[in-house]
Each structure stands twice: as C-alpha cells, then as structure tokens.
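A.B. asks: Take a look at the following structure, please.
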Amino acid sequence: MINLLAYGPIVPFVFALLIGIPSAILYCLEVWVIIANFADFNSAFFVLVVVRAILSLANWICQFFENRFGKIGLFLAFFHQLPECALSFLYFAVNFAFHVENLLTVFLLLNRFSSILLPFTYNKLWRYALAPALIVSFVLPLPFTVPIFSLQMFIHVQNDNVSFTIDHYKNENAVKSSKISAWSAIFFGIICLLLNLASLVAYKFRRPKSVVGQMQSNYSTNNSMVERKMTIYTVVSFFGQLIMAIFMIIVYVTSTQFVDEPNRSSSSGQPALFGLSAEQTQTLFLANYNQYPWVNDLSTIAIPAWLLLWASTKMRQFISKKFQ
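So for the sequence shown, our numbering puts the first residue at 2; every next one is plus one.
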C-alpha cells in the first residue's frame with residue numbers, strides 16, 4: 002500500500018483533477034462575476050475574497066509545473082532543459098502563495114470579527130484598513146521566500162527513474178523553506194483559532210443588541226443573515242486552509258525525519274532512523290508528499306469556491322442569469 006502511494010501517483014493526480022478542474026472553473030466564474038459587477042459586491046470582504054481566489058488559482062497553475070507533472074513523470078526532458086532560475090521561480094511561487102493565502106485568510110477572519118464587533122463603523126474602518134492589509138499580505142512573506150533564489154536547484158529523479166521533483170542542495174546556510182512553512186502554518190493556525198473564538202464571543206454578546214429596535218427589524222434580519230453566511234464561509238474556508246497548513250507541517254516532519262536525517266546518518270555511519278533504510282524512508286516521504294495535489298485542490302480551491310456559491314445569494318443570481 003505504501004509503495005502504491007509512493008510510486009503510483011496517478012490516482013491522487015487524477016483525483017485532484019476531478020476536484021480541481023470544476024472547482025477552478027467555478028472559482029474563475031465567481032471572480033469574474035465579482036469584478037464585472039463590483040457595484041453589487043463593493044466591500045473589503047469581497048476584495049479580499051477576489052485577491053485570495055486569484056492567488057489560489059495562479060498557485061494551482063504553477064503547481065502543475067512545480068510538482069504535479071513531475072509526480073507522474075511528464076516532460077522530464079523539458080524540465081532538464083530549464084535554467085536554474087526557472088526552477089527557483091516555480092519553487093518560490095508555490096511557497097510565496099502558501100504564506101500569502103494564509104495571511105489573506107487571517108485578514109478575512111479579522112474582517113468578519115470587526116463586522117460583528119463594530120457593525121456600524123465596520124465599512125468605514127475597512128475603507129482605510131484594506132490597502133495596508135493587502136500590502137502586509139504580499140510584503141511580509143518576501144524576506145522568507147526571496148532567499149529561495151539563492152538556492153542551488155536541480156531536478157531530483159526518484160528511484161523509479163520516472164517521477165521527479167524540483168529540489169535543492171542542502172547545506173547549513175541554505176534557507177529552510179519547509180521549516181519556515183511549517184512554523185508559518187503553526188502560527189497561522191493559532192492566530193486564526195483565536196480570531197474564530199473571538200468572533201464567536203463577539204457574536205454571542207452582540208446578537209441581542211442587533212435585534213433591538215422595531216424600525217430596523219427587517220433590515221437587521223436580512224443583513225444578519227448575509228453577515229452570518231459570510232462569516233460561515235470565512236470560518237469553513239479557514240478550516241480548508243488549516244488542512245493545507247497541517248499537511249505542510251507533516252511534509253516538513255517527514256522530509257526531515259524520513260529523508261534528511263537518514264541521509265545524514267548513513268553518511269556518518271550512524272544507525273538508520275527506526276531501523277529503516279534510506280530507500281524505505283524515501284518511500285514513506287513520497288507516500289505522503291504525493292497526496293499534495295488533491296489536498297491542495299480540496300482545501301484552497303474546492304471548499305472556498307463551492308462555499309462562496311452557497312453563501313452569496315447575489316452570486317447565485319448573477320451566475321444563473323448568465324446561463325439562462
């Protein structure tokens with residue numbers, strides 16, 4: 002079973018296509034609807050949604066070149082001809098997108114928290130906070146990802162002589178992108194869980210006040226329903242990002258404990274980790290890493306795309322009109 006997962010990546014690849022392609026088409030359609038009808042979606046929330054969606058879709062495309070084609074052994078000769086800077090860019094793009102998507106999810110949760118806590122000043126607040134939020138999301142990961150361009154990249158052909166990955170030579174001074182992603186995922190999970198708890202507490206205490214006042218009852222009810230659905234969308238899509246974050250932590254642990262550590266042990270003459278050979282530990286790592294395509298497509302494309310269709314009545318109305 003482990004060998005099948007490690008050296009039979011066609012199943013997760015096809016499964017990812019079945020999840021990813023229809024979800025990506027829907028996500029593209031939703032982005033187009035929001036941009037083309039921005040007067041109806043004119044809020045900081047939908048700007049953050051669109052930016053995250055565009056980044057997720059761009060990352061989805063980059064991943065085909067960064068790891069997916071390699072998992073099934075496509076275009077090996079072509080990848081061998083690519084200059085090192087092209088390999089670095091693909092590796093950078095996927096890592097950079099991971100951090101930015103996490104930060105945008107944090108700001109989406111913060112947006113929902115502020116809409117519950119400060120319903121009357123929320124729009125004015127985010128009119129000024131939106132630009133700094135976007136700048137922070139795209140600038141903060143740069144110091145941790147730009148050093149990727151200093152790595153010595155190469156095409157690592159696996160033991161089956163068919164599948165391959167984009168890898169880099171390990172040394173003490175090289176940036177440890179997997180470790181950075183793992184720690185980023187941990188901080189992301191903690192911050193987002195705290196924001197979710199804060200939103201639940203704020204909703205519990207603000208809810209009684211929101212229904213007071215007969216003259217605003219109809220507006221409050223409709224607005225409350227919209228806000229609640231948008232909050233549910235944000236929270237559930239966060240759990241999608243959390244799945245991806247946990248997976249990145251697992252990738253880091255398996256890559257360091259099942260690949261790097263055994264290689265160091267064998268080179269120094271020390272006993273192999275858990276009594277496993279270097280080939281066995283490599284197999285365990287690949288069995289985990291090969292699940293990357295469908296985990297990513299489910300967590301960053303499928304969940305937010307289909308959930309947005311459920312959460313936004315306006316979105317469903319615009320899409321239904323286009324196909325009538």
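Where is the CB? At the ideal position from N, CA and C, for every residue including glycine.
Assuming the contact rule is C-beta atoms closer than 8 angstroms, N197 and L110 should be a hit. Round their C-beta distance to whole Å, please.
C.D. replies: 7 angstroms
A.B. asks: For the alpha helix (DSSP H) holding V51, just list the boundary residues, first then last.
C.D. replies: If you look at V51, you'll find it in the alpha helix (DSSP H) that goes A45 to Q64.
A.B. asks: Distance check for V176 and I192, CA to CA, integer angstroms please.
C.D. replies: 24 angstroms
A.B. asks: If you draw a straight line from the alpha carbon of L56 to that of S300, how long is it in whole angstroms?
C.D. replies: 14 angstroms
A.B. asks: To the nearest angstrom, how far is the alpha carbon of W311 from that of I320?
C.D. replies: Rounded to whole angstroms, W311 to I320 spans 12 angstroms at the Cα level.
A.B. asks: Taking only the alpha-carbon atoms, compute the straight-line gap between S115 and V140 and give it to the nearest angstrom.
C.D. replies: 23 angstroms
A.B. asks: DSSP on V163, reduced to helix/strand/coil?
C.D. replies: coil
A.B. asks: How would you label Q153, buried or exposed, when you count the other beta carbons within 10 angstroms and need 16 or more for buried?
C.D. replies: exposed
A.B. asks: Closer than 8 angstroms by C-beta to W61: which residues in its own chain qualify, once you throw out the five before and the five after it? Chain order, please.
C.D. replies: G21, A25, N297, D298, T301 and I302
A.B. asks: With distances taken between CB atoms, is the gap from P10 to N291 smaller than 8 angstroms?
C.D. replies: yes
A.B. asks: Would you tell me roughly how many angstroms separate the C-alpha atoms of N219 and A183, rounded to the nearest one?
C.D. replies: In this predicted model, N219 has a pLDDT of only 49, less than 50, meaning its place in the structure is not dependable enough to derive any value.
A.B. asks: Name the DSSP bridge partner or partners of H169?
C.D. replies: M154
A.B. asks: Can you tell me whether V12 is helix, strand or coil according to DSSP?
C.D. replies: In the three-state DSSP reduction, V12 falls in the helix class (H, G or I).
A.B. asks: When the Cα atoms are used, what is the spatial distance from V227 to F90?
C.D. replies: 40 angstroms
A.B. asks: By alpha-carbon positions, which one of V50, A40 and I233 ends up nearest to V32?
C.D. replies: V50
A.B. asks: What separation, rounded to the nearest whole angstrom, lies between the Cα atoms of G190 and V202?
C.D. replies: Rounded to whole angstroms, the separation of the alpha carbons of V202 and G190 is 18 angstroms.
A.B. asks: If the criterion is Cβ atoms closer than 8 angstroms, does the pair S200 and I304 meet it?
C.D. replies: Between S200 and I304, the CB-CB gap reaches or exceeds 8 angstroms.
A.B. asks: Near T255, which residues of its chain fall below 8 angstroms by C-beta distance, leaving aside the five closest residues on each side in sequence?
C.D. replies: L285, F286, N289 and Y290
A.B. asks: If we call anything under 8 angstroms between Cβ atoms a contact, is V52 one with L135?
C.D. replies: Yes. Within cutoff.
A.B. asks: Helix, strand or coil for I73? Go by DSSP, reduced to three states.
C.D. replies: coil
A.B. asks: Kindly indicate which three-state DSSP category N38 falls into: helix, strand or coil?
C.D. replies: In the structure shown, N38 adopts coil according to DSSP, grouped into three states.
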